[in-house]
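Peer 1:
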Amino acid sequence: MKKNKRLWNGLLYVSTFFAATSISVGMLMEKFSLTLDSALGTQSKVLNSNGKDGYKAFTPPEDTLNKNGTGNARALIKRAIDMDRKIAQEGTVLLKNEGNSLPLASGKKVTLFGIRSHTPILGAQMGNPIYGGVIDLENALGKENRTHFEKTKYSTGWSKDADNFDFDGGNLEINPTMVNVYEKVKSSRTTGTKVTYCEGMTSPYLPTEATLSELSNADANYKASFSSYNDAAIVVVGRAGTEGVDYFPGEKGCGMMTGATDPLGLTTVERDTIKLATDNFDNVIVIVNSSNQMEIDELKRDPKIKSILYVGFPGAYGCLGISDVITGKVSPSGGCSDVFAAANRSAPAAVNFDEYTYSNASSIARASKSSHYVMENEGIYVGYRYYETRYEDAVLNNGNARSLKGAVASKGETWSYDDEVSYPFGYGLSYTTFEEEIAEQPTVTFDSTNHLASMDVKVKVKNTGTVDSRAKIEIYGDPYNDNTEMETSALQLVAFEKTPVIKGGETKEFTVKVDLQNLTVWDQEHGGWTFCSTGTRFALGNGSHEAMNNMLALDGKDPSVDLFMDGVGNAKAACNVTFDGMTNDFFKISENGTETENQIPYSDWNSYEPGKITHLSRKDWDATWPVEMKNLTAPESMLNDLEGKYYTVKTNETTTVTWGSKETEHKYYDLFGVPYDDPRWDELASQMTLEEGMYFALFGGPVFPAVKSVGFEEAYLLENSGNGVSLQLNASKDTNAPWSIKSSDPYALWHGQILPSAPLIAATFSHEVMEEVGEFIGIESLFAGISIVWGTGLNTHRTPYCGRNNEYYSEDPVLSGEAAADADYGAKKYGLILAMKHFAFNDMETNRKGVSPFMLEQRAREIELRAYQIAVESHRHDVFEDGIKVKDAGITGIMISFSKIGGVECSCSRGMLTNILRKEWGFHGYLVTDIQDDMDLASQELYAGITGIDIRGAQDFYTSTTPANKLGQQVDGTVLNASAYEHDQVMQETIRESNKGLLWAFAQSNLVNRSGSSWVWNFTWWRGAYFSSIGVFGLATIGFGVLTFLSVLKKEEIQ
Amino acid sequence: MKIKAKSLTYIIASALLVASLVAVIISNSVEGYAMSGFALTLTPLIIGIVLSIFAAVYPKILKENEFVKIILGLTIICLICWSFGNIILQRSELVAAQFTYDKVNKIGWQALIPSLISIGLSVLSTISVIIGSFLKD
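Protein sequences, first through last, are from chains D and U.
First residue of the first sequence? That's 1 in this note's numbering, and the numbers climb one at a time after it.
First residue of the second sequence? That's 1056 in this note's numbering, and the numbers climb one at a time after it.
1. Is U/A1151 close to chain A, meaning its C-beta is less than 8 angstroms from at least one C-beta of that chain?
2. Which word fits D/Q125, buried or exposed, when buried means at least 16 other C-beta atoms lie within 10 angstroms of its C-beta?
3. Start and end of the beta strand (DSSP E) containing D/Y423?
4. Quick one: is U/E1119 near chain D, going by C-beta distance under 8 angstroms?
5. Within the same chain, show all residues whose beta-carbon is closer than 6 angstroms to that of D/K1050, passing over the 5 residues directly before and after it, in chain order.
6. If I measure Cβ to Cβ from D/F586 and keep anything under 6 angstroms in the same chain, skipping five residues before and after, which residues do I get?
7. Thinking C-beta only, is D/A347 closer than 8 angstroms to D/T689?
8. Would the segment 274-291 of chain D and the segment 49-60 of chain D be scored as touching if the rule is three or more Cβ pairs under 8 angstroms?
9. What does a CB cutoff of less than 7 angstroms around D/E653 pick up in its chain, not counting 5 residues either side in sequence?
10. Are the CB atoms of D/A316 and D/I754 nearer to each other than 8 angstroms?
11. Look up D/C575 in the DSSP assignment and say whether it is helix, strand or coil.
12. Please report the Cβ distance between D/D515 and D/S454, rounded to the nearest whole angstrom; I am assuming they are in contact, meaning their Cβ atoms lie under 8 angstroms.
13. Have a look at D/S489, D/G504, D/D419 and D/A39 and flag the residue whose alpha-carbon is nearest the alpha-carbon of D/V461.
14. Which runs of the alpha helix (DSSP H) spanning at least 4 residues fall entirely within the segment 57-83 of chain D, listed in chain order?
15. Which residue or residues does DSSP assign as beta-bridge partners of D/W1017?
16. Please list, in chain order, the residues of the segment 16-50 of chain D that have any C-beta partner in chain U closer than 8 angstroms.
17. Which residues bound the beta strand (DSSP E) around D/K184?
18. Helix, strand or coil for D/E905, going by three-state DSSP, please let me know.
19. Of the residues that make up the segment 1114-1148 of chain U, which ones have a beta carbon closer than 7 angstroms to any beta carbon in chain D?
20. Is the shortest distance between the beta-carbon of D/Q955 and the beta-carbons of chain U less than 8 angstroms?
21. With U/P1114 and U/K1061 assumed to form a contact (beta carbons below 8 angstroms), what rounded beta-carbon distance in angstroms separates them?
22. Checking the sheet assignment: what are the DSSP bridge partners for D/S469?
23. DSSP state of D/G1012, grouped into three classes?
24. In three-state DSSP terms, what is D/M455?
25. So for D/N730, helix, strand or coil by DSSP?
26. Taking just the CA atoms, how far does D/L396 sit from D/S569?
27. Any residues in the segment 240-261 of chain D with a beta carbon nearer than 8 angstroms to a beta carbon of chain U? Which ones, in chain order?
28. From this set, D/I863, D/D888 and D/L760, which residue's C-alpha is nearest D/S1058's C-alpha?
29. Kindly list, in the order they appear in chain D, the residues whose Cβ is closer than 8 angstroms to that of U/T1155.
30. Does DSSP put D/E497 in a helix, in a strand, or in coil?
31. Alpha carbon to alpha carbon, how far is D/G1039 from D/V1032? Give it in angstroms, no decimals.
32. Taking beta-carbon pairs under 8 angstroms, can you tell me which members of the segment 363-381 of chain D lie near chain U?
33. Taking Cβ-Cβ distances below 9 angstroms as the criterion, which residues of the segment 922-940 of chain D are in contact with chain U?
34. Cα separation between D/A1003 and D/N915?
35. Distance check for D/S1005 and D/D972, CA to CA, integer angstroms please.
36. Taking Cβ positions only, does D/R1023 come closer than 8 angstroms to chain U?
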């Protein structure tokens, strides 16, 4: 009896434990039900109707639909393959092609070398990964002409034979021995040296190239195969990219990389692999498979290397485009989106690219996010701006430019461009040659009312070869200003275009519009934009350096006389332009009508500690060369900023903002297509209660809180990322959409992240491609049932070392900004809000949460912020009629950086988020923090102007999720309840503006497709699982409880 | 003094719970990673510790009151489950972050690891109480 009692008692406890645990698991699942749906493809909530408009506002293109209007997943995937292929066709950069080693004719027998030839890096490990089966290089180059997704599956996905696609591949004969050798090497790799399509990196980085002994171990006779496949050797070298990790300049970053002097330089193993190719083959082609510019000067200068191609990360199917270039199906037309320096550490920005901690970090409150800084004392000299400006000064013998200060690769007694730079920004060869000239004096037009000015440049492009090819047109301007005290670079990209295919021998003329705002200079001392109104010089060029030489030729410089010149310029490809009628302060007032002023004084360390930092200046390259700023002590005046004390919420003001108005009964979706300045937007926002306004401004997705007063339902509306929507087709957030792909569809597991990396997109120099990228993501968003994606990336490549460069376009703000504006324009056709990230200054991933980049406001404005400004203002896509803007294009979504700007968190910078972004640039829309960033500064963030904090997993607002329980203790002691801002006028005004902008953005998005429908609870398999578990263990608990009770009673009776 | 096996399981459970309490406090004190409604995690844990110690120190009283003993054990199990369930709920987002996009966030690991230790210790203490229920008084 006693035994039974113990048994029942024990089982009672066991069942209680499992019942309680099941309840906990169930609560956890419900808490994250919508996130779980994304991962599992379930639907824990479904829409109760097709809404008011019934999916008419935005629809996918016909070629992705079946005749009955349902979605055709296979067609979508085919479109994805074509998209990747086109990007890689136009983005692949031919850097070197001696003796026309490329293209290779169909049927040629080739041998592939390098572990990356077998498993190319197609995306980043985190940030922009790719999913599912891919088309790798062997598949694309070979004769198979059919995908084999079952063999190339990565991470998730569908891999059935039935899912495969036919394509027109390279039809080369590929040495199977080496394919097998690399497969064996790959299979033998264990944790730490594993080889994948989306490799991450540790810091310091260890490349995973196969050693020669590994090759021998895999097949001792592998070299015997070479003679049968000796038409060419293709060697692939690469570097990975990911979030949270950086490369570090020089030997510090090399770690175990034997033979390298920089993590982006070649290692002994990579050199051995290349030597293996050059020792055995006459035609050796090297493919650079990296989004961080590798140091390849030795390959450039090696006569045994015949050709070099840059391919970035080509995405899931981009190898097809690379194959097209290699086999001559298309002539390459891409240009370098970043300069290839001989030694990346020769850039002045590399001097301060490390982990820097304040000497007094331990005494800083909020130290976990405020201990680190990076001094960007290279000034405006980022990327090619440095190399070209220093080159011009060296030619002109100005500013000690010839001194060896900062020289790394220069072999003589002076700094030498030719030694320091392998391939300039914008440079790229073709299978033909082009001559580009400015056909006639450009025409300048300006509009003083809207503060806009542009210049039409007629460019004559002659294909002087025999191969049909696209050409890229790059126009550079010299921002020389009347005020000679002002720091200006020698030139900067101001416009670009990609031509259609021009036949061999044919000449065509193209008119390229230059937005003259791209040439403005920030007046660091007085604030505001200035412009070289008396005129300046412009030049065309295959890259920045040719343009520089063309400008010098225009000025009468000749290498036979000016010995520092390293090339003959073409004066016909350059011109001087005057701007009659325009004044220096033409752009001082922004297009939005706001006077531009310094808004982020805290970006400059000298604002806290005058005179401490010297910024690089072309006035004296030697004396101002950046000094590494280690162990700086945060001055007393900076501490309040570092500790997040920016704004004190008022508790005693009388406020005038109207909340909860009943005078109108607008629904946000009824205002689809209504411009932002229409008074109905104010009326709509006034209908919201202060509590609704606060929730809507605080919680920025992926799930947005309901705002019942304006007809906005709580919903999951958002996903990552820049290289496609991060969702499987079966996980659509809107299964009512007619085109929604059902779980039973054979392609239901296809995942939308498949696009190439941003630098490859930028390298196309094609507005058409950039726009098509946006269109494609927009189409995906309709299939995914979401209205916003976090992406694409728009930060500037300050150095080649940032681990996240693969997500950002370029070192040049015009190229980046235009790419983003084009992508946004394409995405909007399908009602998608692209939320560009990370605004701004995510210059390094190390200590990204709160690191303080310090820089001049001039640098901030002209480099990083200019990219965002171009994307927000989007002059290229605005439409004017009779001087009145009838279509206001531009991005309506932005994600804010984790980092600070100077001493202040970007998410809390009212200067950036309200004064610059909204007032100067006229931004309206979605402005969200990075994931869970600065949640302890929520009030400061609201004051700065955010429209939400990205809080993954937050849902069930007003009940389970409230500001008080989600955001916790605020640094200023504020309790975030519904009445927190009842007596703060400015805060209420800011929240109102935030609400209004966000509602406006949603009302223009594809969310209106289902306007008026609401969500209802739905049964899912995982709900069934935890219900059953609770039921079984609950019943067991009751049963064992009864048995225990009876056995105790029996025992007591016996006693 | 000879300690009976059943008492020993409560002693072990108490010790594990104290360690769990210390771990969760450490986790909660990491700057920027305080749990909201921490009292809801802490209070049941502390009550659980007190009850476990009571069960370990006064086995005779419990032996004479079978129902009290059974309900006491059940209460301890429920309190511990509540506590570690709450930690899981609170730390689930941190787990997602640290194992994906935020692997290099050292401070995040400083907060997460003690939480995971606390959960583990709590589960072990529950197992100890369960084992005790199968043993003789």
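Glycine included, every Cβ here is placed at the ideal spot set by N, Cα and C.
What you are looking at is a predicted structure, and each value in this text was computed from that prediction instead of being measured.
Peer 2: On the basis of the supplied data:
1. Included in the structure are the protein chains D and U, with no chain A among them.
2. Counting from 1 along the first sequence, the entry for residue 125 of chain D is found at position 125. Buried: at least 16 other Cβ atoms inside 10 Å.
3. Taking the first residue of the first sequence as position 1, residue 423 of chain D is located at position 423. Under the DSSP assignment, D/Y423 falls in the beta strand (DSSP E) whose first and last residues are V421 to Y423.
4. Counting from 1 along the second sequence, the entry for residue 1119 of chain U is found at position 64. The beta carbon of U/E1119 does not come within 8 angstroms of any beta carbon belonging to chain D, so the residue lies off that interface.
5. Stepping through the first sequence from its first residue, residue 1050 of chain D is reached at position 1050. Excluding sequence neighbours, D/K1050 sits near nothing in its chain.
6. Counting from 1 along the first sequence, the entry for residue 586 of chain D is found at position 586. Around D/F586: F531.
7. Against the first sequence, residue 689 of chain D aligns to sequence position 689. Against the first sequence, residue 347 of chain D aligns to sequence position 347. No, the pair does not count as a contact, with Cβ atoms beyond the cut-off.
8. The segment 274-291 of chain D makes no contact with the segment 49-60 of chain D, as fewer than three CB pairs between them are under 8 angstroms.
9. As a position in the first sequence, residue 653 of chain D is number 653, starting the count at 1. Hits under 7 angstroms: H983, D984 and Q985.
10. Counting from 1 along the first sequence, the entry for residue 316 of chain D is found at position 316. Counting from 1 along the first sequence, the entry for residue 754 of chain D is found at position 754. By the CB criterion at 8 angstroms, D/A316 and D/I754 fall inside the cutoff.
11. Position 575 of the first sequence, counted from the start, is the residue given in the question as residue 575 of chain D. Secondary structure of D/C575 (DSSP, three-state): strand.
12. For this step, residue 515 of chain D is matched to residue 515 along the first sequence. For this step, residue 454 of chain D is matched to residue 454 along the first sequence. D/D515 to D/S454, Cβ: 6 angstroms. Contact.
13. The residue labelled residue 461 of chain D in the question sits at position 461 within the first sequence. Among D/S489, D/G504, D/D419 and D/A39, the Cα nearest to that of D/V461 belongs to D/G504.
14. Counting only unbroken stretches of 4 or more residues, no alpha helix (DSSP H) element lies wholly within the segment 57-83 of chain D.
15. Taking the first residue of the first sequence as 1, we reach residue 1017 of chain D at position 1017. Bridge partners of D/W1017 according to DSSP: D/K45.
16. Flagged, chain order: T16, F17, A20, T21, I23, S24, M27, L28, K31 and F32.
17. For this step, residue 184 of chain D is matched to residue 184 along the first sequence. The continuous stretches of beta strand (DSSP E) do not include D/K184, which lies in the alpha helix (DSSP H) extending over residues P176 to S188.
18. Locating residue 905 of chain D in the first sequence gives position 905, counting from the first residue. In this structure, D/E905 counts as strand in the three-state DSSP scheme.
19. Against chain D - using a Cβ distance shorter than 7 angstroms - the residues of the segment 1114-1148 of chain U are E1121, F1122, I1125, G1128, L1129, I1132, C1133, C1136, G1140, I1143, L1144, S1147 and E1148.
20. Position 955 of the first sequence holds residue 955 of chain D. So, not an interface residue.
21. Mapped onto the second sequence, residue 1114 of chain U falls at position 59. Mapped onto the second sequence, residue 1061 of chain U falls at position 6. Between U/P1114 and U/K1061, the beta carbon gap of about 7 angstroms places them in contact (Cβ cut-off 8 angstroms).
22. Counting from one through the first sequence, the residue named residue 469 of chain D turns up at place 469. Per DSSP, the beta bridge partners of D/S469 are D/I502.
23. Numbered from 1 along the first sequence, position 1012 holds the residue referred to as residue 1012 of chain D. In the three-state reduction of the DSSP assignment, D/G1012 falls in the coil class, being assigned neither a helical nor a strand state.
24. Here residue 455 of chain D refers to the residue found at position 455 of the first sequence. Three-state result, D/M455: strand.
25. Numbered from 1 along the first sequence, position 730 holds the residue referred to as residue 730 of chain D. Here D/N730 sits in helix by DSSP.
26. Taking the first sequence and counting its residues from 1, the one referred to as residue 569 of chain D is at position 569. Taking the first sequence and counting its residues from 1, the one referred to as residue 396 of chain D is at position 396. Residue identity check: residue 569 of chain D is Gly in the sequence provided, not Ser. Each residue's Cα considered, the two are about 15 angstroms apart.
27. Taking 8 angstroms as the Cβ-Cβ cut-off against chain U, the residues of the segment 240-261 of chain D that qualify are E243, G244 and V245.
28. With chain D covering 1 to 1055 only, the question about residue 1058 of chain D has no answer from this structure.
29. Position 100 of the second sequence holds residue 1155 of chain U. Residues of chain D with a Cβ closer than 8 angstroms to the Cβ of U/T1155 are, in chain order, M126.
30. Position 497 of the first sequence holds residue 497 of chain D. Residue state, collapsed to three classes: strand.
31. Translated into the one-based positions of the first sequence, residue 1032 of chain D becomes position 1032. Translated into the one-based positions of the first sequence, residue 1039 of chain D becomes position 1039. One C-alpha to the other measures close to 10 angstroms.
32. So the list reads R366, A367, S368 and K369, given in the order they occur along the chain.
33. Using a CB distance below 9 angstroms, the part of the segment 922-940 of chain D facing chain U consists of I931, Q932, M935 and D936, ordered along the chain.
34. Counting from 1 along the first sequence, the entry for residue 1003 of chain D is found at position 1003. Counting from 1 along the first sequence, the entry for residue 915 of chain D is found at position 915. Each residue's alpha carbon lies about 24 angstroms from the other.
35. By one-based count along the first sequence, residue 972 of chain D stands at place 972. By one-based count along the first sequence, residue 1005 of chain D stands at place 1005. If you take the alpha carbons of D/D972 and D/S1005, they lie about 36 angstroms apart.
36. Here residue 1023 of chain D is taken as the residue at index 1023 of the first sequence, counted from 1. Cβ-Cβ to chain U under 8 angstroms: no for D/R1023.
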